[in-house]
Amino acid sequence: MTLNQIAPTIEDTEKLNRVLDRHPNETKMLADKLEEGKRLVQKCARVRWWNLYAKTLYANRLIAFDRSLVRFFNINVTAQISRDSRKIQESMNVMDRRLERIETRVGGGGGVCKGNTNGFVGCCLVPKVGGFVVGFEEPVREVKALLMSGGEQQVVVVSAPGGCGKTTLAKMVCHDEDIRVKFKDNIFFVTAPKAPSLKLVIESLFEHKGFQVPEFQTNEEAIYQLECTLKQFGSYPILLVLDDVWSGWESLIEDLTTQIPEIKILVTSRFVFPRFESTYKLKLLGDKDAMALFCHSAFPKDGRSSIPDDLVDKIVRDCGGFPLALEVVGRSLRGQPKEIWKQTLKQWSEGKSIFSSDSNKEILIRLLSSINALDEMHTECYLDLASFPEDQRIPATALIDMWVGLYNLDEDGEAIAILHELSMRSLIGQVVTRKDASEISDYYNEHFATQHDLLRELAIHQCSQELIEKRKRLIIEIEGNGFPRWWIEQGQHSICARLLSISTDERFSSNWPDMHLPEAEVLVLNIQTRNYTLPQFMEKMDQLKVLIITNYGFSSSEIQNIPLLGYLSSLKRIRFEHVFISSISDSILKLRNLQKISFIMCEISEAFCKCTFQIPDMLPYLSEIVIDYCNDLVEFPACLCEIRSLKELSITNCHELVTIAGEFEKLENLKVLRLHACTKLLELPETIGSLKKLDFLDISDCVGMSKLPGQMGDLCGLRKIHMTGCRGLSELPLSVKGLEKLKSVTCDEETACLWQDYEDYLDDLEIHVHKEDPNLDWLHDN
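Have a look at this one:
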């Protein structure tokens, strides 16, 4: 009976030893003892009942065996258990030390860190590519080509917003046959800790290779030790993947590549790092691949038959090629009846956020991590982008006007720097249709921001987390005349929003309900109708500083009720785009605080022809006028020459402009004059020499201009001229010898020859020959 009780325990112990790869000798003594007991019992069973001598003999043997069995378990087994306990304790101590190191790496507090995505656990094997993958053939080929090239670039960056498949792409590249042949066993895949630390990465490499991990004091020491170890073992070349890299890693990566020239580093990041030239911007999925990924998530067992194709098409289109959204939304609709699909589309069309559904929280969490990493100012500016319609390029100058009004930013530096920062974090795209303008004179009329629909939806979702009355931004989208119910019902209740954006479509009839916004500082009106009446409630917006009216329809929109602007005494900036203005009423001229007014693609000639008011007395602080792509402008309005406070005047891309009024000399405070691409402009007025404060002159691409005025030399304050594309000029006036402060002339080769004749008279002059670099990428952007 005793042996029967012991046998299963010994069998289990042997099985466990085989699983744990322990030596079989550890249970051999137990098994031998068990077998000895079985043989003795079997012999005893064969003794006849009448053989008293044999029975006595085997009884004594059984008693002796029982005593030896007790002694064996008391001594041998107890000793083995003690030894095993110590081995277990030793293993636990090793595990504790490793866990402590992991906690240190990931910034854990008390307790064990589990699955913290900010760190890693030492193993640098390339993870397998799981799930359904589509649309990566070309990205893999292009990134592989960058890594296989023998050039000096050691760092390749894959950049895209969260949820676009950067990590998947990196895994696929590492598993590529050509990559594995080149780098062999020296491919390491590390999820970068958010706080930059090369020590942690290099410790992980040492652990992965089975080397003893030194106690590194600094990043420099860690790099040195890695270099020495690699030389000792001859482990070249190396591919190190740093996955999900955040800002701040650039200098550490440069240190590593400088010290170890044979290393290639593949970085995946939501950021764009300008220091590294080899940057691959991972694009969103095309229509075909997006449909394939969505259908794999929504119909894993070909259950699509009951869902109409048009519903599937609309859902996929609204996901905008975003892999994460396609997968998550597809899973959320898997197995649902078509009524649920229709309800989902209906809610989205009515403004309900894609993030509001619990099943789509994964998308929100992934994308929010990028927003949460921004500082307060960048977050505010990012959220402001939602004020403009989806699928439209956002003019940088409109954003500058907005941010100068809201945050008092420096438009020549801070505002554009914020745009660049948002672009580097893959939260927006940037389109530049004329790069040289900003390089020479901080002119950003040719700069635009683009935003993916899902990222815009994220901004709107974040803006709508508070009650309507408490929101900083109130973003309203109206289809037809379908005003939100809360607007109809709110009556005279005040809304404290600083920014109000209202988008209407081509069916809108301008029958406005009342609204009270006493704290509004920026008003953005996105319109599409041919006739648009300004809302009457504007007259009560006493704090309004910036007004932006943009028509996105095919034809110009005529703005009605312009006299309302006369009530906006705090207004500093007005921007009209693609609108028809029939007259400059006295209401605009009463805006004594107005500092800047912009007309982009507007019809304004008629308005200025009717202007008979004494402008200088009515616009004492107006310092900048922008007129861009206004093709009905044939003659520069003489009335504008009365604005003595004007410092910047930009008349650009006005292809019908022929002449500039002689009264131009009255603009005595003018510092910047841009006449870029006024292709029919024949000449500058002779009186331009009276502009003693003029600092910068841009007449680039004025192909119709055949000569410069003789008084050019009287521009005693002129320091920079931009005149590329002035092919009609055959000579310069002799008076240019008097441009003593002229420092820079940017022109093409033909015009450079004309200026070289005067270099002896202009000691500080630098002639910059501009080489054509046509940038047509923007033609492919929405």
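For the sequence shown, position 168 matches number 168 in the UniProt record's numbering, and the numbering has no gaps at all. C-beta: ideal position from N, C-alpha, C; glycine also.
DSSP three-state assignment for residue i, whether helix, strand or coil
i	result
L742	coil
E521	coil
I102	Only weak support is given to the placement of I102: the predicted model assigns it a pLDDT of 44, under 50, and the value that follows is read from those uncertain coordinates. Looking at I102 - three-state DSSP - the assignment turns out to be helix.
R644	coil
C747	strand
S251	helix
H378	helix
V19	Low confidence applies to V19: its pLDDT is 46, below 50, so where it sits in the model is not reliable, and the reading given next is rough at best. V19 falls in the helix class under three-state DSSP.
I767	strand
E457	helix
D514	coil
Y280	strand
L657	coil
L419	helix
S623	coil
D632	coil
L762	coil
T652	strand
E36	helix
E603	strand
S297	helix
S509	coil
Proximity winner among the options, relative to residue i (alpha-carbon distances)
i	options	result
C602	T550, G689 and E506	T550
K128	R425, R727, T168 and E35	T168
V267	F636, F189, L474 and L367	F189
E635	V157, T258, L670 and L682	L682
K166	T218, D244, E390 and L385	D244
V272	V157, H461 and E414	V157
V522	N561, S556 and V546	V546
I253	G482, E227, P563 and F276	F276
I699	E665, L649 and P389	L649
L765	T751, E740 and E750	E740
S370	K209, L422 and E477	L422
V703	E177, A459, Q336 and H676	H676
Own chain partners of residue i with C-beta closer than 8 angstroms, once the 5 adjacent residues on each side are dropped
i	result
N593	S569, S570, L571, K572 and Y621
F211	T229
residue 787	Nothing can be reported for residue 787: it is not among the residues displayed for the chain, which extend from 1 to 782.
H578	T550, N551, Y552, G553, S556, S557, I600, M601 and C602
P226	With the sequence shown as reference, residue 226 is identified as Leu, and Pro is not the correct amino acid for it. If we look at L226 and ignore the five residues flanking it on each side, its Cβ neighbours are I202, L205, F206 and I260.
E100	The pLDDT assigned to E100 is 45, lower than 50, so where the model puts this residue is not dependable, and the model offers no usable value.
Continuous alpha helix (DSSP H) stretch holding residue i: start and end
i	result
A398	A396 to Y407
V201	L198 to K209
R674	No alpha helix (DSSP H) contains R674, which is instead part of the beta strand (DSSP E) from V672 to R674.
S332	P323 to L333
Start-to-end residues for the beta strand (DSSP E) that takes in residue i
i	result
R473	R473 to I478
V190	I187 to T191
T450	H447 to T450
Q430	G429 to V432
L500	L499 to T504
S387	Counting along the chain, S387 falls outside any beta strand (DSSP E), and DSSP gives it neither H nor E.
S269	I263 to S269
V241	I238 to V245
Spatial neighbours of residue i in its chain, beta-carbon cut-off 6 angstroms, leaving aside the 5 residues before and after
i	result
K114	Note that K114 scores a pLDDT of 30, beneath 50, so its modelled location is shaky and nothing firm can be said.
C630	F599, C602, I604 and C654
I548	A398, V524 and R575
G738	G713
W755	V745 and I767
P709	L684, E686 and I688
G330	F294, S297 and A298
W246	K194
Chain-order list of residues whose beta-carbon lies under 7 angstroms from that of residue i (same chain, five-residue window excluded)
i	result
V94	Caution is warranted here: a pLDDT of 47 is assigned to V94, below 50, making its placement in the model unreliable, and no coordinate value can be reported.
G320	L284, H452, D453 and L454
E606	S582
L125	F189
E539	L564 and Y567
Run through the segment 527–601 for me and flag every whole alpha helix (DSSP H) of 4 or more residues, listed as ranges in chain order. 586–589
Quick one: complete beta strand (DSSP E) runs, 3+ long, within the segment 682–756? 696–698, 720–722 and 744–747
In chain order, what are the residue ranges of uninterrupted alpha helix (DSSP H) at least 4 long that sit wholly in the segment 121–178? 137–148 and 166–174
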